[in-house]
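Numbered per the working numbering, the sequence shown finishes at 303, counting up by one with no gaps.
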Amino acid sequence: MLGTVLVAEPGDGESPRPARIIEAMRHACLGGGKRLRPALVLAAARLFGRDDEGVVLAGAALECIHCYSLVHDDLPAMDDDDMRRGRPTVHKAFDEATAILAGDALLTLAFDLIADPRVHADAAVRLAASRDLARASGFGGMAGGQMLDLASEHHDRSEAEIRLLQAMKTGALIRYAARTGARLAGAPGGDIETLTRFGEIIGLAFQLADDLLDVEGDAARLGKAAGKDAAAGKATLVALKGSDWTRAELQRLVGEAEALLASFGARAAPLVALARYVAVRDR
Numbered sequence: 021m022l023g024t025v026l027v028a029e030p031g032d033g034e035s036p037r038p039a040r041i042i043e044a045m046r047h048a049c050l051g052g053g054k055r056l057r058p059a060l061v062l063a064a065a066r067l068f069g070r071d072d073e074g075v076v077l078a079g080a081a082l083e084c085i086h087c088y089s090l091v092h093d094d095l096p097a098m099d100d101d102d103m104r105r106g107r108p109t110v111h112k113a114f115d116e117a118t119a120i121l122a123g124d125a126l127l128t129l130a131f132d133l134i135a136d137p138r139v140h141a142d143a144a145v146r147l148a149a150s151r152d153l154a155r156a157s158g159f160g161g162m163a164g165g166q167m168l169d170l171a172s173e174h175h176d177r178s179e180a181e182i183r184l185l186q187a188m189k190t191g192a193l194i195r196y197a198a199r200t201g202a203r204l205a206g207a208p209g210g211d212i213e214t215l216t217r218f219g220e221i222i223g224l225a226f227q228l229a230d231d232l233l234d235v236e237g238d239a240a241r242l243g244k245a246a247g248k249d250a251a252a253g254k255a256t257l258v259a260l261k262g263s264d265w266t267r268a269e270l271q272r273l274v275g276e277a278e279a280l281l282a283s284f285g286a287r288a289a290p291l292v293a294l295a296r297y298v299a300v301r302d303r
């Protein structure tokens, strides 16, 4: 779905789209990656019986936000990375100005997609999904968490402080994925809250696994440089508590996530599989 959106021809009422920015956006979004966030949207919606192109559009909107954040995060002013998903980062494949604009365009495209009537027939539901996406990606979510992350470099932080910045920087979008999939499928309020908590747990686990991979992973498998967190003085729970504690905490979180979904039985198997994948992935 996202690939069909990122084409050079203008949409309804739009001016022609510059081919270079489309090429950079496609480089950022379509060249690999785990697609965990949209997969969570789809799996959560399927748990409650919805599986159609509207849910795919919602997942694509979320992936646009995620990919924009990676494009900007890789810039020299941020983490200054040359490789992403085994390929040159956008500012290396194109240039810094194009990378900034491609990220900006992906951010705004996300809200074009989430507002599409196919996402949900009820405009109020689409508005809620759009508002939640803005909050999950903005200064109270991902962007704010990235600011805390930068401010924590080469500074001691407590476990609670690190958990907060990670819940914002990484966890907010993953929480959004599980919550929104359930909401778009018309799940009861209590079940939406259960899926929201599931997303929170998976978000914490994902960041723990990411930090562990940065310490122990192989750059060739990761598709990006390893060992950068320590070099940059990043505040991580791996650095604070050690690798053994991190692995044990990962298993605890996955167990908690599985227990949350036990009442759904076999229908929750895809979500349980995603939770387990988060803990054992090697890239």
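Each residue gets a CB set at the ideal place from its N, CA and C atoms; glycine is no exception.
Under a three-way DSSP split, which group does residue i fall into?
i: P10; result: As displayed, the chain neither begins before 21 nor continues past 303, which places residue 10 out of reach and without an answer.
i: M98; result: coil
i: R107; result: strand
i: G158; result: coil
i: R70; result: coil
i: V139; result: coil
i: P58; result: helix
i: L281; result: coil
i: G262; result: coil
i: H175; result: coil
i: L215; result: helix
i: A198; result: helix
i: F114; result: coil
i: A255; result: coil
i: R272; result: helix
i: L129; result: helix
i: R151; result: helix
i: G53; result: coil
i: G191; result: helix
i: G237; result: coil
i: G33; result: coil
i: R267; result: helix
i: R303; result: coil
For residue i, report the span of its alpha helix (DSSP H) as first-last.
i: E83; result: 73 to 93
i: V27; result: Segment: none, V27 is in no alpha helix (DSSP H) and carries neither H nor E.
i: P38; result: Neither: P38 is in no alpha helix (DSSP H) and is coded neither H nor E.
i: R296; result: 289 to 300
Between residue i and residue j, how many whole angstroms is the CB-CB distance? I'm expecting something under 8 Å.
i: F68; j: A202; result: 6 Å
i: A53; j: G106; result: The identity of residue 53 in the sequence shown is Gly, whereas the question assumes Ala. At roughly 10 Å, the Cβ-Cβ gap does not stay under 8 Å, so G53 and G106 are not in contact.
i: A192; j: M162; result: 5 Å
i: A44; j: A122; result: 4 Å
i: R70; j: L204; result: 6 Å
i: L26; j: C49; result: 7 Å
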